[in-house]
Amino acid sequence: MQSILSRVFTALLCLLFASILFIPPSIISTAQATSPRSTNLQSASANELLVFHVNRAVTTRDRGFPRDDPPQTEANGDWTTPVNFAEGTLHYRVQVRSQPEVQDMRLQFCVWQDEFVLENCGTLMPVSGASGTVVTWDQPVKQMWKLNGQSIDWSRPRQRYALVIKNADGLPVSDFSNWNWNEEDPAAWYPLDLHMTVVVVAEGATFSGWHNYIEGLPTPTNTPKPTRTPTNTRTPRPTATGTATATATVASTNTPTATPSATATASHTPTVPPTATRTPTSQPTPTATATATATASSTPPAPATPIPTATT
Numbered sequence: 003m004q005s006i007l008s009r010v011f012t013a014l015l016c017l018l019f020a021s022i023l024f025i026p027p028s029i030i031s032t033a034q035a036t037s038p039r040s041t042n043l044q045s046a047s048a049n050e051l052l053v054f055h056v057n058r059a060v061t062t063r064d065r066g067f068p069r070d071d072p073p074q075t076e077a078n079g080d081w082t083t084p085v086n087f088a089e090g091t092l093h094y095r096v097q098v099r100s101q102p103e104v105q106d107m108r109l110q111f112c113v114w115q116d117e118f119v120l121e122n123c124g125t126l127m128p129v130s131g132a133s134g135t136v137v138t139w140d141q142p143v144k145q146m147w148k149l150n151g152q153s154i155d156w157s158r159p160r161q162r163y164a165l166v167i168k169n170a171d172g173l174p175v176s177d178f179s180n181w182n183w184n185e186e187d188p189a190a191w192y193p194l195d196l197h198m199t200v201v202v203v204a205e206g207a208t209f210s211g212w213h214n215y216i217e218g219l220p221t222p223t224n225t226p227k228p229t230r231t232p233t234n235t236r237t238p239r240p241t242a243t244g245t246a247t248a249t250a251t252v253a254s255t256n257t258p259t260a261t262p263s264a265t266a267t268a269s270h271t272p273t274v275p276p277t278a279t280r281t282p283t284s285q286p287t288p289t290a291t292a293t294a295t296a297t298a299s300s301t302p303p304a305p306a307t308p309i310p311t312a313t314t
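Numbered by the numbering used here, the letters in the sequence shown go through residues 3 to 314 in order.
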């Protein structure tokens, strides 16, 4: 009897072990994809790095600072070498899907290091909470606002990346640091359903475009330039025409003293001065349309630093 039970137990162990070995890879990958901290940040090229993204409803549990704490490994390496991101350009994109009550928000991306001693923040950008709002902007990494004038050491890992949500006065809509939401009603602000994306592009490189990072965006196409056709047309000058006729008549008489009379009739049609007709020269069709994107370059108000111990 014991031998039978032992065999059954052994068989069950073998079945369990086999089931673990032969779990379909698709199930494993699905499980990884559902974990918010296991999502790998994919970049479009070696000269670009997807730094930070929030694609969900931000709630009061985020305390006004949806964050990566610490940042994901792919985005938290040495930005000075072998690719120089530290002197590159940050590109930001925010898409708002919904907000309980439409707010006049100010959003910015911030970086902390060394237990919040070092803090650098991007441009403070006005963003409406209206559904469908999309705002993009960019700025050099070196032009980020710096707490006490001190730059992040981009050669070392950072402590936190975060989106900071502020009101129209530039005050965090947060309950960190006894801010108590800065007199805003959190129920009117959160949940804030949005998609925030930050990409850094290396010094001297050109951004490949948001279609490489935002699913569903079409690939931009180049608009063909119009052909430059000259429109100058010169009207030929008319030919000058002139006619002249002369008639002479001599009458001879028997009177020797008579003076021959000569009658000359001249008919002359004067030449009409040619009239020069010039077709006005139209200006050539422009070959390119320039689009200027204004980037806010003013220094944003100094954001307050959350107390490290208040992080949940």
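Where a beta carbon is used, it is the ideal one built from N, C-alpha and C, also for glycine.
Computed from a predicted structure; not experimentally measured.
Do you know offhand how far N49's Cα is from E185's? What you label residue 49 is simply residue 47 of the sequence shown in a count that begins at 1. What you label residue 185 is simply residue 183 of the sequence shown in a count that begins at 1. When the Cα atoms are used, N49 and E185 turn out to be separated by approximately 43 Å.
W191, enclosing alpha helix (DSSP H) - first and last residue: Stepping through the sequence shown from its first residue, residue 191 is reached at position 189. Start and end: P188 to W191.
Can you give me the Cβ contacts of D140 inside the same chain, cut-off strictly under 7 Å, excluding the 5 residues immediately before and after it? For the purposes of this step, residue 140 is identified with residue 138 of the sequence shown, where counting begins at 1. Counting only Cβ-Cβ distances below 7 Å, and skipping sequence neighbours, we find T91, L92, H93, Y94 and T297.
Have a look at V96 and E217 and give me their C-alpha separation to the nearest angstrom. By one-based count along the sequence shown, residue 96 stands at place 94. By one-based count along the sequence shown, residue 217 stands at place 215. Per the coordinates, the alpha-carbon of V96 lies some 14 Å from the alpha-carbon of E217.
From this set, D71, A132, V136 and V113, which residue's C-alpha is nearest M198's C-alpha? Along the sequence shown, read from residue 1 onward, the residue named residue 198 stands at position 196. Checking every option, the nearest Cα to that of M198 belongs to V136.
Per the DSSP calculation, E121 is bridged to which residue(s)? In the sequence shown, residue 121 corresponds to position 119, counting from 1. For E121, which the question treats as bridged, DSSP gives the partners W114.
Determine the contact status of L149 and E117, defining contact as a CB-CB distance below 8 Å. Mapped onto the sequence shown, residue 149 falls at position 147. Mapped onto the sequence shown, residue 117 falls at position 115. Cβ atoms of L149 and E117: not closer than 8 Å.
Assuming F209 contacts L165 (C-beta within less than 8 Å), just tell me the rounded distance between them. As a first step, residue 209 is located in the sequence shown; it is residue number 207 there, counting from the start. As a first step, residue 165 is located in the sequence shown; it is residue number 163 there, counting from the start. Cβ-Cβ separation between F209 and L165: approximately 20 Å, too far for a contact (criterion under 8 Å).
For R65, does the count of other Cβ atoms within 10 angstroms reach 16, so buried, or fall short, so exposed? Here the question's residue 65 lines up with position 63 in the sequence shown. R65 counts as buried, since at least 16 other C-beta atoms from the protein chains shown sit within 10 angstroms of its C-beta.
Does DSSP put F87 in a helix, in a strand, or in coil? To locate residue 87, count along the sequence shown from 1; it is residue 85. Of the three classes helix, strand and coil, the one that applies to F87 here is coil, per DSSP.
6 Å Cβ shell around A46 - same chain, five flanking residues per side excluded: Start at 1 with the first residue of the sequence shown, and residue 46 comes out as number 44. Cβ neighbours of A46 beyond the five flanking positions: S210 and N214.
My output table needs one value for T75: the three-state DSSP class, helix, strand or coil. Residue numbering aside, residue 75 sits at position 73 when the sequence shown is read from its first letter. The DSSP-derived three-state label of T75 is helix.
Member of E76, Q105 and R58 whose CA lies at the smallest distance from the CA of A189: Taking the first residue of the sequence shown as position 1, residue 189 is located at position 187. Closest by alpha carbon: Q105.
What number of angstroms, rounded off, separates the C-alpha of P159 from the C-alpha of P73? Walking along the sequence shown from the start, residue 159 turns up at place 157. Walking along the sequence shown from the start, residue 73 turns up at place 71. Cα to Cα, the separation comes out at about 8 Å.
Considering only the beta carbon of each residue, do D80 and R162 sit closer than 8 Å? Taking the sequence shown and counting its residues from 1, one reaches residue 80 at position 78. Taking the sequence shown and counting its residues from 1, one reaches residue 162 at position 160. No, the pair does not count as a contact, with Cβ atoms beyond the cut-off.
Tell me whether T271 sits in a helix, a strand or coil according to DSSP, three-state version. Start at 1 with the first residue of the sequence shown, and residue 271 comes out as number 269. Its pLDDT being 40, under 50, T271 is placed unreliably by the model, and the measurement read from it follows with that caveat. In this structure, T271 counts as strand in the three-state DSSP scheme.
Going by DSSP, name the residue or residues bridged to K148. Position 146 of the sequence shown, counted from the first residue, corresponds to residue 148. In DSSP, K148 forms a bridge with N122.
When you compare only the Cα positions, how much space is there between K168 and S130? Translated into positions along the sequence shown, residue 168 becomes position 166. Translated into positions along the sequence shown, residue 130 becomes position 128. Cα to Cα, K168 sits roughly 12 Å from S130.
G151 classed as buried or exposed, judged by whether at least 16 other C-beta atoms fall within 10 angstroms: One-based indexing of the sequence shown puts residue 151 at position 149. The Cβ neighbour count for G151, taken over all protein chains shown within 10 Å, is under 16; the residue is labelled exposed.
Hey, out of W156, V53, W191 and S157, whose CA is closest to A170's CA? As a first step, residue 170 must be located in the sequence shown, where it is residue number 168. It is W191.
Tell me S100's beta-bridge partners as DSSP assigns them. Within the sequence shown, numbered from 1, the residue matching residue 100 stands at position 98. DSSP output for S100 lists D195 as bridge partner(s).
With DSSP run on the structure shown, which of helix, strand or coil describes S179? Locating residue 179 in the sequence shown gives position 177, counting from the first residue. For S179, the three-state secondary structure derived from DSSP is helix.
Does Q161 get closer than 8 Å to chain B when you measure Cβ to Cβ? Included in the structure is just one protein chain, with no chain B present.
Could you tell me the boundaries of the beta strand (DSSP E) in which V129 lies? Here residue 129 corresponds to residue number 127 of the sequence shown, with the count starting at 1. Here the beta strand (DSSP E) through V129 covers M127 to S130.
Three-state secondary structure (DSSP) at W139? Against the sequence shown, residue 139 aligns to sequence position 137. Strand.
Assuming N78 contacts A204 (C-beta within less than 8 Å), just tell me the rounded distance between them. Working through the sequence shown from its first residue, we reach residue 78 at position 76. Working through the sequence shown from its first residue, we reach residue 204 at position 202. Their Cβ separation, rounded to whole angstroms, is 16 Å, which puts N78 and A204 out of contact at 8 Å.
Quick one: is P220 buried, meaning 16 or more other Cβ sit within 10 Å of its Cβ, or exposed? The residue labelled residue 220 in the question sits at position 218 within the sequence shown. Flag for P220 reads exposed.
Please classify L23 as buried or exposed, where buried requires at least 16 other C-beta atoms within 10 Å of its C-beta. Looking up residue 23 in the sequence shown gives position 21. Since pLDDT at L23 reaches only 44, below the 50 mark, its modelled position is unreliable, and the value read off the structure follows with that caveat. Exposed, because fewer than 16 other Cβ atoms sit within 10 Å of the Cβ of L23.
Take A132 and list the residues in its own chain whose beta-carbon comes closer than 6 Å to its own, dropping the five residues that flank it on each side. For the purposes of this step, residue 132 is identified with residue 130 of the sequence shown, where counting begins at 1. Around A132, the same chain offers V104 as residues with beta carbons nearer than 6 Å, after the five sequence neighbours per side are excluded.
Can you list, in chain order, the residues of its chain whose CB lies under 6 Å from that of P193, leaving out five sequence neighbours each side? Within the sequence shown, residue 193 is the residue found at index 191, counting from 1. Spatial neighbours of P193 in its own chain (CB-CB distance under 6 Å, excluding positions within 5 residues in sequence) are listed in chain order as A59 and T61.
Where DSSP assigns a beta bridge to Y215, which residues make up the other side? On the sequence shown, residue 215 is found 213 positions in, with the first residue counted as 1. Paired residue(s): none; Y215 is not in a bridge.
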